[in-house]
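Engineer:
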Amino acid sequence: MGARLTGKYALATGAARGIGEAIARQFVAEGARVIVADIREEEGRALVNELGEAASFRPLDVTDERAWSGLADELRARPINVLVNNAGAVVSFAPLHEVSPDEWRRILELNLTSVFLGMRFMIPLMVEGGGSVINLSSISGVVGHSVAPAYQAAKGGIRVLTKNGAITYATQGVRVNSLHPGLIATPMVSEQPQWATDAFLAATPMGRAGRPLDVAHAAVYLASDDSAFVTGAEL
0 MGARLTGKYA LATGAARGIG EAIARQFVAE GARVIVADIR EEEGRALVNE
50 LGEAASFRPL DVTDERAWSG LADELRARPI NVLVNNAGAV VSFAPLHEVS
100 PDEWRRILEL NLTSVFLGMR FMIPLMVEGG GSVINLSSIS GVVGHSVAPA
150 YQAAKGGIRV LTKNGAITYA TQGVRVNSLH PGLIATPMVS EQPQWATDAF
200 LAATPMGRAG RPLDVAHAAV YLASDDSAFV TGAEL
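Counting along the sequence shown from 1, when you hit position 18 you're at 17 in numbering that gives the first Met the number 0, and nothing is skipped either side.
Written as structure tokens, this is what we have:
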């Protein structure tokens, strides 16, 4: 047990499993209070019950503007000072010419618009006391692939949206940074085609998948005062 996040109050989306779960666990271990937000209510509540009084659960569809607005209203009396925009999914590995416009919009809504909504509704609550926004992008937001174009576009969008937020809110005490994991051993990865996993693994210098905990350690750093002079960065 550490104390790097003592006094921090965090909201983490998509936190019922995978990277989000690891972040929630590590935040609590480091002394933070955490809101686990997810559409997977059963898994989210089970995690919160395990984590104890430092954690609470909120059902949240990250693509729903009204849901974000309602959560912001709820938190106005006691604002968060850490936001982790983690929710997202690949959905499709089809090449660009096989992606329907509806599928394109749905993937961008889930992976990019959700981050915009989180920042749009939560940053105003953080301005008075300062805080840290951590946006989960991906290695796919930095380098090109021949598949999953909508996912790549969304993750690349998160990268630049993060920098926009970093510049916009730096003088108001809110830092905005992004994480760009490569292949991580999560439920989402286990559900993707084996050829996709093999391709990512072949391009990974260490020759193995990372752990959700590896990403969580980076999130702890960005949430903590250790990174007080870090904004607009990509880890």
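For each residue, glycine too, the CB sits at the ideal point set by N, CA and C. No experiment lies behind these values; they were computed from the predicted model shown.
Leaving out the 5 sequence neighbours to the left and right, which residues in its chain are closer than 6 Å to E42 when beta-carbon positions are compared?
Structural biologist: These residues qualify, in order along the chain: A15, R16.
Engineer: Assign N176 to one of two classes, buried (16 or more other C-beta atoms within 10 Å of its C-beta) or exposed (fewer than that).
Structural biologist: Buried.
Engineer: What is the residue span of the beta strand (DSSP E) that N80 lies within?
Structural biologist: That residue, N80, is in no beta strand (DSSP E); it is neither H nor E in DSSP.
Engineer: Give the DSSP-derived three-state secondary structure of R158 in the structure shown.
Structural biologist: Helix.
Engineer: When you compare the CB positions of I106 and Y168, do they come within less than 9 Å of one another, or not?
Structural biologist: No.
Engineer: In the DSSP output, what is N84 paired with across the bridge?
Structural biologist: N84 is bridged to N134.
Engineer: So I183 and I18 are in contact, right, with Cβ under 8 Å, and what is the actual spacing, rounded?
Structural biologist: That belief holds up - the Cβ atoms of I183 and I18 are roughly 6 Å apart, short of 8 Å.
Engineer: By alpha-carbon positions, which one of E233, Q193, S189, E190 ends up nearest to K162?
Structural biologist: Answer by Cα proximity: E233.
Engineer: Express the C-alpha separation of G117 and R77 in angstroms, rounding to a whole number.
Structural biologist: Each residue's alpha carbon lies about 17 Å from the other.
Engineer: In this structure, how does DSSP classify T112 when only helix, strand and coil are distinguished?
Structural biologist: Of the three classes helix, strand and coil, the one that applies to T112 here is helix, per DSSP.
Engineer: Return the first residue and the last residue of the alpha helix (DSSP H) that D197 is part of.
Structural biologist: First-last of the alpha helix (DSSP H) with D197: 193-201.
Engineer: Starting from the C-beta of W103, find all residues in its chain whose C-beta is less than 7 Å away, skip the five residues before and the five after it, and write them out in chain order.
Structural biologist: Excluding sequence neighbours, W103 sits near A149.
Engineer: Just tell me which of V173, L95, A71, V141 has its CA closest to the CA of R159.
Structural biologist: A quick correction: the sequence has Val, not Arg, at residue 159. Checked all of V173, L95, A71, V141; the closest Cα to V159 is V141.
Engineer: Hey, could you find the ends of the alpha helix (DSSP H) F26 is sitting in?
Structural biologist: Taken as a continuous stretch (DSSP letters only), the alpha helix (DSSP H) holding F26 covers 17-28.
Engineer: Does the segment 2-10 touch the segment 80-100, meaning 3 or more C-beta pairs lie closer than 8 Å?
Structural biologist: Touching, yes, given that three or more Cβ pairs across the two stretches are closer than 8 Å.
Engineer: Starting from V175, follow the beta strand (DSSP E) in both directions and report where the run begins and ends.
Structural biologist: 173-178 is the extent of the beta strand (DSSP E) around V175.
Engineer: In this structure, how does DSSP classify S189 when only helix, strand and coil are distinguished?
Structural biologist: Three-state result, S189: helix.
Engineer: Going along the chain, which residues of its own chain have a beta-carbon closer than 7 Å to the beta-carbon of T5, five neighbours each way excluded?
Structural biologist: Hits under 7 Å: G30.
Engineer: Assuming the contact rule is C-beta atoms closer than 8 Å, L178 and I133 should be a hit. Round their C-beta distance to whole Å, please.
Structural biologist: At roughly 6 Å, the Cβ-Cβ gap stays under 8 Å, so L178 and I133 are in contact.
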